[in-house]
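What follows is one structure encoded as structure tokens, with my remarks underneath.
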Amino acid sequence: MATTTLSRSKRREQDRRSAIKQAKRNAWAYAFISPFYLLYAVFGLFPLLYGLWLSMHKWDGISKMQWVGAANYVKLLTDDIWWKAIYNTIWLFFAATVPQLIIALLLAFIINTRYVRGKDFFRAAFFAPQVASAVAISLIFSSLLGERYGLLNYALGWIGLGPIDWLGSAAWIKPSIAMVTIWQWTGYSMIIFLAGLQSINPELYEAARVDGARTRDIFQHITMPLLRPVIVFQVILSIIGAMQNFDIPVMLTVGGTQASAPGGTDRSGLTALVLIYWTAFKYTNFGYGAAMAVGLFILIVLFSYMYNRFQGRNLTE
Amino acid sequence: MATTTQGGGFAVKSKSRVSQRDRLASPAGMALLYIILLGAALLASFPFYYTLVTSTHRTSAILSIPPPIWFGGDLVQNYTDLLAALPFWNALFNSFAISTIHTVLVLFFCSLAGYGFAKFTFPGREPLFAFLLATLMVPGAIGIIPLFIVMRNLGWIDTWNPLIIPGVANAFGIFWMRQYISSAIPADMMDAARIDGAHEFRIYWNIIVPVIVPALAALAILTFMGKWNEFQFPLLILKDEAKYTLPVALSTLKSLKGTELGVQILGATGAILPILTVFVLASRQFMSGLTAGAVKGG
Chain G
1 MATTTLSRSK RREQDRRSAI KQAKRNAWAY AFISPFYLLY AVFGLFPLLY
51 GLWLSMHKWD GISKMQWVGA ANYVKLLTDD IWWKAIYNTI WLFFAATVPQ
101 LIIALLLAFI INTRYVRGKD FFRAAFFAPQ VASAVAISLI FSSLLGERYG
151 LLNYALGWIG LGPIDWLGSA AWIKPSIAMV TIWQWTGYSM IIFLAGLQSI
201 NPELYEAARV DGARTRDIFQ HITMPLLRPV IVFQVILSII GAMQNFDIPV
251 MLTVGGTQAS APGGTDRSGL TALVLIYWTA FKYTNFGYGA AMAVGLFILI
301 VLFSYMYNRF QGRNLTE
Chain V
1001 MATTTQGGGF AVKSKSRVSQ RDRLASPAGM ALLYIILLGA ALLASFPFYY
1051 TLVTSTHRTS AILSIPPPIW FGGDLVQNYT DLLAALPFWN ALFNSFAIST
1101 IHTVLVLFFC SLAGYGFAKF TFPGREPLFA FLLATLMVPG AIGIIPLFIV
1151 MRNLGWIDTW NPLIIPGVAN AFGIFWMRQY ISSAIPADMM DAARIDGAHE
1201 FRIYWNIIVP VIVPALAALA ILTFMGKWNE FQFPLLILKD EAKYTLPVAL
1251 STLKSLKGTE LGVQILGATG AILPILTVFV LASRQFMSGL TAGAVKGG
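Going down the list, the protein sequences come from chains G and V.
Residue 1 is where the first sequence starts when you use this note's numbering, and the numbers rise one by one after that.
Residue 1001 is where the second sequence starts when you use this note's numbering, and the numbers rise one by one after that.
Structure below.
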């Protein structure tokens, strides 16, 4: 009897001690993770909410803010330049991001087949464009795509085509931006897809082959379903990235960062984020720029949602 | 154990059977695969070659027909002109300093938080981590206007702070480190140290950090690269030419009327070459680190 009481109180003492230990350990853990939440509150979350507030004001950034309610949004709905920028951004998504993802997926499949030698070389070669800065790349391609003396037009001349005014004409500036974007980003997406492919257990393939499955069946019923989460992840991040397209469009279009009206001839290379940047920081129309940013945010959410619906249907087919 | 051996035996047997049936393994199929791969590799690397070549020519040579595809003799002249057009070495130093400081801080704060999420069970861990992941999906650039105002109110315009500080504990880095730490470090490693009475930060510093070097290295290269190439935000924040990073300094070349093409391209080479060299030297380790990390993350 005595011994049980003793052990019980002892155990209680032990519990108390381990509870203190646990609390101390928790305190350490909270300290370890807290920098992210503090920084995000100040530099991430607050700006987003403050942006909503800004979007309902007229403000040049210096004088007193002036409440205008929904006026900025009403103006946005009928702003031709805004819709042009949205059109260009979506156009570039379909002409640059979609092909980029498809080519990346194709290259990842090829590199992942076991017959291919020199995987390290190909991986590095495809990834290399991702290492270079968009500004430097744009300078290089500005020269490569020059109308009269660019190397690409010279090569096209050999097969009797061109010359094409890649960067100066309204018709060709978007394809040019798309081309450079594909060049820069394909290797990155490929690495992500390749990582996903390599995480698939090879025994699954072997088992399927033993059962007599053809390569196409294996692809359709093993590779694609298992790779799908990686593809979804990369597509959503690519949508978010494409909608915020800035560096290459600015640097390839006429005038660059010094352009008084960005986007080149007929504003054909104007993307949404470029317009937001110019509206706020060059035309000092902070409230209207913030309203555009909210509009772009809604567009990104809409696109991600539609993709989710689209691929969700595919998944259950 | 026995089943594993049996499975392995099957695999070996099946391999020879399969390769006969697999059309991709035929000579024609293989040729097709290599043509695609080599063609893509050529497309990916040709602009780099062109860059090196063009930075050794003057505009008159670049704009002649046919355009030069081999090195010329005007590198020194272009270099002199580049230094006259912009403070190249100063911008290079700025980029290097900002990227290095930022990267070191990222490695510290992200591995610390990653360790916190991977090896501690505290109340609220799941929702806090879900929130962190959700922020990855929030497009940051749309907050650029209010963020600029935050920086202005902090008195940080035209300083390096906005480029160095906000991202030091970022969601991607923390996620990356957490994935690695939770799979690479067994729990008893920390328990042993705890019994010895070491406090948690000591355990992180002395025991965790040495083991996670591969993940840190991959994150370091990714972070450094991203910061080195960052353009929009420094363009907005930096006003004084002496504080410009390399991409911002280079962007002014585009608008300078009459800048020699070769000079512009040489500037681009100067921005690309250092980081490309590091990438080529470390590409094997970096790539395997990247794929391994992504696999664990995927």
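Virtual Cβ for every residue (Gly too), placed ideally from N, Cα, C.
One or two residues paired with residue i in a DSSP bridge
i: tryptophan 67 of chain G; result: G/His57
Coarse secondary structure for residue i, derived from DSSP in three states
i: lysine 1239 of chain V; result: coil
i: leucine 167 of chain G; result: coil
i: tryptophan 1156 of chain V; result: coil
i: phenylalanine 246 of chain G; result: coil
i: valine 1263 of chain V; result: helix
i: glycine 1007 of chain V; result: Per-residue confidence for glycine 1007 of chain V stands at a pLDDT of 35, beneath the threshold of 50, marking its modelled position as unreliable; the derived number appears in the next sentence. Three-state DSSP puts glycine 1007 of chain V in a helix.
i: tyrosine 149 of chain G; result: coil
i: leucine 1086 of chain V; result: coil
i: arginine 25 of chain G; result: helix
i: arginine 1058 of chain V; result: coil
i: glycine 289 of chain G; result: helix
i: serine 1016 of chain V; result: At serine 1016 of chain V the pLDDT is 43, less than 50, meaning the model places this residue with poor confidence and gives no usable figure here.
i: glutamate 1230 of chain V; result: coil
i: asparagine 1206 of chain V; result: helix
i: asparagine 1078 of chain V; result: helix
i: serine 1064 of chain V; result: coil
i: alanine 1169 of chain V; result: coil
i: valine 235 of chain G; result: helix
i: aspartate 211 of chain G; result: coil
i: arginine 309 of chain G; result: helix
i: asparagine 201 of chain G; result: coil
i: phenylalanine 219 of chain G; result: helix
i: valine 254 of chain G; result: coil
i: aspartate 120 of chain G; result: helix
Same chain, Cβ closer than 7 Å to residue i, neighbours up to 5 away in sequence not counted
i: glycine 263 of chain G; result: Thr253, Gly269, Leu270 and Val274
i: alanine 1113 of chain V; result: Ala1169 and Ile1174
i: leucine 1052 of chain V; result: Thr1269
i: glycine 1072 of chain V; result: Thr1056, His1057 and Ala1061
i: glycine 61 of chain G; result: Thr284 and Phe286
8 Å Cβ shell around residue i - same chain, five flanking residues per side excluded
i: valine 1012 of chain V; result: At valine 1012 of chain V, the pLDDT of 40 sits below 50, so the modelled position is not reliable; the number obtained from the coordinates is stated separately. Answer for valine 1012 of chain V: no residue qualifies.
i: valine 1248 of chain V; result: Ala1091, Phe1231, Pro1234, Leu1235 and Leu1238
i: phenylalanine 1048 of chain V; result: Ile1272 and Leu1276
i: glutamine 1006 of chain V; result: Note that glutamine 1006 of chain V has pLDDT 36, beneath the 50 cutoff, so the model's placement of it is unreliable and the number below is only indicative. None.
i: glycine 168 of chain G; result: Glu147, Val254, Gly264 and Thr265
i: aspartate 1074 of chain V; result: Thr1056, His1057, Arg1058, Ala1061 and Gly1262
i: leucine 156 of chain G; result: Gly162, Pro163 and Ile164
Candidates the options: closest to residue i by CA position
i: leucine 1086 of chain V; options: V/Phe1279, V/Ala1282, V/Ser1251 and V/Phe1286; result: V/Ser1251
i: threonine 186 of chain G; options: V/Ala1031, V/Leu1037 and V/Asn1094; result: V/Leu1037
i: alanine 1187 of chain V; options: V/Tyr1204, V/Ala1061 and V/Ile1275; result: V/Tyr1204
i: alanine 1282 of chain V; options: G/Ala128, G/Trp158 and G/Ala290; result: G/Ala128
i: isoleucine 298 of chain G; options: G/Ala19, G/Arg17, G/Leu52 and G/Gln14; result: G/Leu52
i: isoleucine 1142 of chain V; options: G/Met65, G/Trp83 and G/Leu54; result: G/Leu54
i: glutamine 1285 of chain V; options: V/Asn1229, V/Glu1241 and V/Ala1220; result: V/Ala1220
i: leucine 1163 of chain V; options: V/Ser1182, V/Phe1224 and V/Arg1178; result: V/Phe1224
i: tryptophan 83 of chain G; options: G/Ala272, G/Asn285 and G/Val131; result: G/Ala272
i: threonine 89 of chain G; options: G/Ile200, G/Gly289 and G/Ala178; result: G/Ala178
i: aspartate 79 of chain G; options: G/Thr279, G/Met243 and G/Ala136; result: G/Thr279
i: leucine 1105 of chain V; options: V/Asn1161, V/Lys1243 and V/Ala1184; result: V/Asn1161
i: histidine 1199 of chain V; options: G/Ser9, G/Gln14, G/Ala29 and G/Arg8; result: G/Ala29
i: alanine 261 of chain G; options: G/Arg25, G/Ile81, G/Met190 and G/Gln184; result: G/Ile81
Contact test: residue i Cβ vs the ligand MG heavy atom, cutoff 7 Å
i: isoleucine 236 of chain G; result: The ligand MG is not part of the structure shown, which contains no ligands of any sort.
Spatial neighbours of residue i in its chain, beta-carbon cut-off 6 Å, leaving aside the 5 residues before and after
i: glycine 160 of chain G; result: none
i: lysine 75 of chain G; result: none
i: proline 249 of chain G; result: Ile177, Gly269, Thr271 and Val274
i: leucine 1136 of chain V; result: Ala1171
i: alanine 1193 of chain V; result: Ile1203 and Ile1207
i: leucine 227 of chain G; result: Gly196
i: proline 1066 of chain V; result: none
Presumed contact (8 Å Cβ cut-off) between residue i and residue j, rounded CB distance
i: arginine 114 of chain G; j: methionine 1287 of chain V; result: With 8 Å as the limit, arginine 114 of chain G and methionine 1287 of chain V do not qualify as a contact, their Cβ atoms being about 18 Å apart.
i: leucine 1253 of chain V; j: threonine 1259 of chain V; result: 5 Å
i: leucine 139 of chain G; j: isoleucine 1265 of chain V; result: 6 Å
i: alanine 1215 of chain V; j: tryptophan 1176 of chain V; result: 7 Å
i: threonine 1103 of chain V; j: lysine 1243 of chain V; result: Their Cβ separation, rounded to whole angstroms, is 19 Å, which puts threonine 1103 of chain V and lysine 1243 of chain V out of contact at 8 Å.
i: asparagine 308 of chain G; j: leucine 92 of chain G; result: No, asparagine 308 of chain G and leucine 92 of chain G are not in contact; Cβ-Cβ is about 21 Å, not under 8 Å.
i: leucine 1132 of chain V; j: phenylalanine 36 of chain G; result: 6 Å
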